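Asks: Residue numbers (the numbering used here), protein chains in the order written: chain S, 11 to 314; chain U, 277 to 706.
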């Protein structure tokens, strides 16, 4: 490098080589940044803005302050939707984490056909959501597979109308989500398990520690960061779930499975109350943001 | 240098070639400019069958007009239209129900038809071609014609003759006249054949719920809205009509089930799955499209069971063509709609619906169609459906209440009170 450049010191270097690199870095990132701003940040801010208006996409917007929020929280249907969403979220997230972890633990063992089983368990998560919902609508039909096996095992002729009665409709959409999702998180847990140094287990074996204690004192603590991430991602995804419940029940029967995303869709795209729909989206955003912040703090605490 | 020269020459050649091809393409299109009308319809078998004939024929007769016709899934169709029109786009022509037109009108989504372009100096000249009152649901508050119906039909009871015969009944003579007879017949059929006596439209959407439930409520002397467009649902008529639905599904063994997400019951009838259904003349198109040997040529139409034989009530359902306010082809769209309704006899015979034109109902071929007499007789006591600008939300509220009582077996009183309160809030725009 020329002496003159070196003599100029850091600032000259930064202005020339480093500054040049930074500018190119910015130019090349610009399309992604613009895309993010236009399709993520702007709609979020716009939804927040619209939530203070009465707006049906045709007539002039009318500023109404927080009236949309007051109307929402004083509406019994919305309050029910709020509650059923939390039931759906935690009723799916907890089993998903447990089943995904359990499957990962089993498939982390050396065994014949392990790769085949991993593929089979992962397969549901690559099937289109709509296809899964349609298939499970048939599975839970009164003449479907679930009733057939239940009657066969219990020696009876009872017909459960899974999707048109409660709480069976809620169970059906939850089971569908769990079946479809656990494979994906199983893979994440597998990666986490494989990052645990084997020397810990070898030392445990030498010390005569049982399998359960190995799991409790080695696997579980070292898997905590992965578990936190998986838990939070399943929860956040569940709050945004729409396709499976909408296709299977359309929020019925009697709006009993109308979780918040379905309420949002109906309010905005069936009733054309865009201001109110925006308010629902803000509520969902705040809930998800709260969980994301909680996850971030938990992760930092663990790292410390 | 050499490389850049080659690159420049290649690009120049490609550009000249493209321009040449484009110019050639333009010159092939002929001297007259071809206009394109974008036309949307909801998917329904009879209409689809007729439009497969009508649209190509229109383009043959009008070579300067291209009709970009497409069909759309019914459940999301209205949402699609409203979203497209609100964004300044959307089709030039689209079909919809007279009740939903009532929701479009306050939003300013519709353009009046150009009667002058159609050759009429005033509305009454067009009106003369149609049955009295049939165009009223399609007029704006200021009297403009916003749409023309291609199907205005009275819904009556459609019966499967083969299933009736299998239990020793004659569908023409033994069709149920009252609700008690309806339950007797349904139970007998279900017990003997395993086929459903009748299927309510569970899970098929609020539109199907309303068109089946509203006339029941009217039969008991009720209404959905009062004169101030507020809810009139907290009434004895509502309670009795809810009880009727409850009895069909729960009290009597009619075979009626509630598997979500349900399909429309007319489709199930066309497949031979049920002995009776509730439909208009469009049922022939549905039956033809399914082409089940158990139903084709084996059905008849009778009057809908009545609470009071001296005060009959039936529902009048109307679907028609509307013009988008964003359309730049209002004249051409008006002329296409006019051409379409002048083919209505053939439309009726091909399952495209019963256009309420005088020449249709006077036509001997139409008069020979199954159920003609019954559908026509129903016109004397049919009522158009009750509309509101908040049709979707009100419909959902009524559907929820019906599901609460009939499927979840909730106590009717608080459910009806909640429905009343909810619909009133909706009607106030809250």
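Backbone N, C-alpha and C define an ideal beta-carbon position, used for all residues, glycine too.
Computed from a prediction, not measured in an experiment: that's the story for all the values here.
Between the region 150-164 of chain S and chain U, which residues of the former have a C-beta closer than 7 Å to a C-beta of the latter?
Replies: 151, 152
Asks: What are the boundary residues of the alpha helix (DSSP H) that residue 659 (chain U) is part of?
Replies: Taking the second chain and counting its residues from 1, the one referred to as residue 659 (chain U) is at position 383. No alpha helix (DSSP H) holds residue 659 (chain U); the beta strand (DSSP E) holding it covers 658-660.
Asks: Quick check on DSSP: helix, strand or coil for residue 370 (chain U)?
Replies: Working through the second chain from its first residue, we reach residue 370 (chain U) at position 94. Strand, per DSSP.
Asks: Leaving out five residues before and five after residue 161 (chain S) in sequence, what residues of the same chain have Cβ atoms less than 7 Å from its Cβ?
Replies: One-based indexing of the first chain puts residue 161 (chain S) at position 151. Within the same chain, residue 161 (chain S) has close Cβ partners 167, 168.
Asks: For the candidate residues U:454, U:455, U:456, U:473, whose alpha-carbon lies nearest to that of residue 463 (chain U)?
Replies: The residue you call residue 463 (chain U) lines up with position 187 of the second chain. Of the candidates U:454, U:455, U:456, U:473, U:473 places its Cα closest to the Cα of residue 463 (chain U).
Asks: Please report how far the alpha carbon of residue 61 (chain S) lies from the alpha carbon of residue 291 (chain S), in whole angstroms.
Replies: The sequence position of residue 61 (chain S) within the first chain is 51, counting from 1. The sequence position of residue 291 (chain S) within the first chain is 281, counting from 1. Our two residues, residue 61 (chain S) and residue 291 (chain S), have alpha carbons roughly 9 Å apart in a direct line.
Asks: State yes or no: is the beta carbon of residue 385 (chain U) nearer than 8 Å to at least one beta carbon in chain S?
Replies: The residue you call residue 385 (chain U) lines up with position 109 of the second chain. Yes, its Cβ sits closer than 8 Å to a Cβ of chain S.
Asks: For a cutoff of 8 Å on Cβ pairs, would you count residue 357 (chain U) as touching chain S?
Replies: In the second chain, the residue the question calls residue 357 (chain U) occupies position 81. Answer no: the Cβ-Cβ gap between residue 357 (chain U) and chain S never drops below 8 Å.
Asks: Below 8 Å between beta carbons: does that hold for residue 65 (chain S) and residue 284 (chain S)?
Replies: As a first step, residue 65 (chain S) is located in the first chain; it is residue number 55 there, counting from the start. As a first step, residue 284 (chain S) is located in the first chain; it is residue number 274 there, counting from the start. Their beta carbons are under 8 Å apart, which means residue 65 (chain S) touches residue 284 (chain S) by this criterion.
Asks: Examine the Cβ distances between the region 98-114 of chain S and the region 243-252 of chain S and report whether three or more of them are shorter than 8 Å.
Replies: Flag = yes, the region 98-114 of chain S and the region 243-252 of chain S touch.
Asks: Can you tell me where the alpha helix (DSSP H) holding residue 155 (chain S) begins and where it ends?
Replies: Translated into positions along the first chain, residue 155 (chain S) becomes position 145. Segment 155-164, the alpha helix (DSSP H) holding residue 155 (chain S).
Asks: Excluding sequence positions up to five away, which residues of its chain have a Cβ less than 8 Å from the Cβ of residue 709 (chain U)?
Replies: In the structure as shown, chain U begins at 277 and stops at 706. Residue 709 (chain U) is therefore absent and cannot be evaluated.
Asks: Going by C-alpha distance, which of U:479, U:573, U:676, U:408 is nearest residue 434 (chain U)?
Replies: Working through the second chain from its first residue, we reach residue 434 (chain U) at position 158. Minimum Cα distance to residue 434 (chain U) is reached at U:573.
Asks: Please go through the region 304-345 of chain U and give each complete alpha helix (DSSP H) segment of 4 or more residues, from N-terminal end onward.
Replies: 321-337
Asks: Counting along the chain, where does the beta strand (DSSP E) carrying residue 426 (chain U) start and finish?
Replies: Numbered from 1 along the second chain, position 150 holds the residue referred to as residue 426 (chain U). Taken as a continuous stretch (DSSP letters only), the beta strand (DSSP E) holding residue 426 (chain U) covers 423-430.
Asks: Do you know how far the Cα of residue 319 (chain U) is from the Cα of residue 235 (chain S)?
Replies: Residue mapping note: residue 235 (chain S) aligns to position 225 of the first chain, counting from 1. Residue mapping note: residue 319 (chain U) aligns to position 43 of the second chain, counting from 1. Going from the Cα of residue 235 (chain S) to the Cα of residue 319 (chain U) covers about 51 Å.
Asks: Relative to the C-alpha of residue 370 (chain U), which candidate in U:597, U:681, U:622 has its C-alpha closest?
Replies: Sequence index remark: in the second chain, residue 370 (chain U) carries index 94 (1-based). It is U:597 whose Cα lies nearest to the Cα of residue 370 (chain U).
Asks: Could you give the residue range of the beta strand (DSSP E) that holds residue 181 (chain S)?
Replies: Mapped onto the first chain, residue 181 (chain S) falls at position 171. That residue, residue 181 (chain S), is in no beta strand (DSSP E); its alpha helix (DSSP H) goes 178-204.
Asks: Between residue 263 (chain S) and chain U, is there a C-beta pair that is closer than 8 Å?
Replies: Walking along the first chain from the start, residue 263 (chain S) turns up at place 253. At least one chain U Cβ lies under 8 Å of residue 263 (chain S).
Asks: Is there at least one non-hydrogen atom of the ligand ZN closer than 7 Å to the beta-carbon of residue 551 (chain U)?
Replies: Ligands in the displayed structure: none, and consequently the ligand ZN is not present.
Asks: What number of angstroms, rounded off, separates the C-alpha of residue 131 (chain S) from the C-alpha of residue 193 (chain S)?
Replies: By one-based count along the first chain, residue 131 (chain S) stands at place 121. By one-based count along the first chain, residue 193 (chain S) stands at place 183. Looking at the two C-alpha atoms, the distance is approximately 5 Å.
Asks: Mapping DSSP to helix, strand and coil, what is residue 636 (chain U)?
Replies: Position 360 of the second chain, counted from the first residue, corresponds to residue 636 (chain U). Residue 636 (chain U) falls in the helix class under three-state DSSP.
Asks: Measuring straight from C-alpha to C-alpha, what distance separates residue 331 (chain U) and residue 351 (chain U)?
Replies: As a first step, residue 331 (chain U) is located in the second chain; it is residue number 55 there, counting from the start. As a first step, residue 351 (chain U) is located in the second chain; it is residue number 75 there, counting from the start. Rounded to whole angstroms, residue 331 (chain U) to residue 351 (chain U) spans 24 Å at the Cα level.
Asks: What does the alpha-carbon distance come out to for the pair residue 91 (chain S) and residue 268 (chain S)?
Replies: Numbered from 1 along the first chain, position 81 holds the residue referred to as residue 91 (chain S). Numbered from 1 along the first chain, position 258 holds the residue referred to as residue 268 (chain S). Spanning the two alpha carbons is a distance of roughly 6 Å.
Asks: Taking contact to mean at least 3 C-beta pairs separated by less than 8 Å, is the region 169-180 of chain S in contact with the region 147-161 of chain S?
Replies: yes
Asks: Could you pull out every residue in the same chain whose Cβ sits closer than 7 Å to the Cβ of residue 675 (chain U), ignoring the five residues on either side in sequence?
Replies: Numbered from 1 along the second chain, position 399 holds the residue referred to as residue 675 (chain U). Residues 482, 485 of the same chain have their beta carbon placed closer than 7 Å to that of residue 675 (chain U), with the five preceding and five following residues left out of the count.
Asks: May I ask you to list, following chain order, the residues of the region 116-147 of chain S that have a beta carbon less than 7 Å from some beta carbon of chain U?
Replies: 147
Asks: State the Cα-Cα distance for the pair residue 634 (chain U) and residue 692 (chain U), rounded to the nearest angstrom.
Replies: Locating residue 634 (chain U) in the second chain gives position 358, counting from the first residue. Locating residue 692 (chain U) in the second chain gives position 416, counting from the first residue. About 42 Å.
Asks: List the DSSP bridge partners of residue 575 (chain U).
Replies: Reading the second chain from its first residue, position 299 is the one you call residue 575 (chain U). Its beta-bridge partners are U:436.
Asks: Of all the CB atoms in chain S, is at least one closer than 8 Å to the CB of residue 523 (chain U)?
Replies: Indexing the second chain from 1 puts residue 523 (chain U) at position 247. No, residue 523 (chain U) lies away from the interface with chain S (no Cβ there is under 8 Å from its Cβ).
Asks: So, using beta-carbon positions, are residue 327 (chain U) and residue 353 (chain U) closer together than 8 Å?
Replies: By one-based count along the second chain, residue 327 (chain U) stands at place 51. By one-based count along the second chain, residue 353 (chain U) stands at place 77. Not in contact: residue 327 (chain U) and residue 353 (chain U) (Cβ atoms no closer than 8 Å).
Asks: Would you mind telling me which residues of chain U sit closer than 8 Å to residue 173 (chain S), beta carbon to beta carbon, in chain order?
Replies: If you number the first chain from 1, residue 173 (chain S) lands on position 163. Residues of chain U passing the Cβ test: 479, 535, 536, 537.
Asks: May I ask which residues mark the beginning and end of the alpha helix (DSSP H) holding residue 247 (chain S)?
Replies: Taking the first residue of the first chain as position 1, residue 247 (chain S) is located at position 237. Where residue 247 (chain S) is concerned, the enclosing alpha helix (DSSP H) stretches over 234-249.
Asks: When the Cα of residue 256 (chain S) is compared with those of S:81, S:34, S:143, which residue comes out closest?
Replies: To locate residue 256 (chain S), count along the first chain from 1; it is residue 246. Minimum Cα distance to residue 256 (chain S) is reached at S:143.
Asks: Quick one: complete beta strand (DSSP E) runs, 3+ long, within the region 582-665 of chain U?
Replies: Correct list: 590-600, 658-660.
Asks: Fully enclosed by the region 48-85 of chain S, which alpha helix (DSSP H) runs are 4 residues long or longer?
Replies: Segments of the alpha helix (DSSP H) lying fully in the region 48-85 of chain S: 52-60, 77-83.
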